[in-house]
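The numbering of the sequence shown is full-length UniProt numbering, which starts it at 1 and goes up by one.
Cβ coordinates follow ideal geometry from the N, Cα and C atoms, glycine included.
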Amino acid sequence: MPRPMYRSRSLKRKKISTPSGNVVTHYREKRTGTPHCAECGAILGGVPRGLRPYEVKRLPKTKKRPERKFGGVLCPSCTSDLIKKDVRGQI
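Below, the structure is given as structure tokens:
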């Protein structure tokens with residue numbers, strides 16, 4: 001039976017074979033997914049990757065997403081396309 005702290009399903013499990021032939025379980029925290037653009041699916045720059053929610057919470061506001069319109073939601077090319085369509089009245 002694993003220790004209570006290792007029973008949580010929020011931990012990833014990996015079976016490791018030791019030199020003696022025993023199989024042991026190593027536990028590690030899951031990492032979060034990479035943020036993607038809502039329009040085209042491209043990976044967003046300027047947004048922290050692979051951090052747990054409690055680690056992101058500790059970052060300053062300027063490190064969490066870019067300081068521009070739709071920052072952290074749309075990539076720069078999709079943002080510029082959206083702004084152009086809005087100005088031209090195509091939305």
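Per the coordinates, the alpha-carbon of Lys85 lies some 45 angstroms from the alpha-carbon of Arg9. The Cβ atoms of Ala38 and Cys75 lie no closer than 7 angstroms to each other.
Distance from the CA of Val73 to the CA of Gly46, rounded to the nearest whole angstrom, comes to 11 angstroms. The closest CA to that of Arg3, considering only His26, Cys40 and Ser17, is found on His26. Of all C-beta pairs linking the stretch 49-62 to the stretch 29-36, three or more are shorter than 8 angstroms, placing the two stretches in contact.
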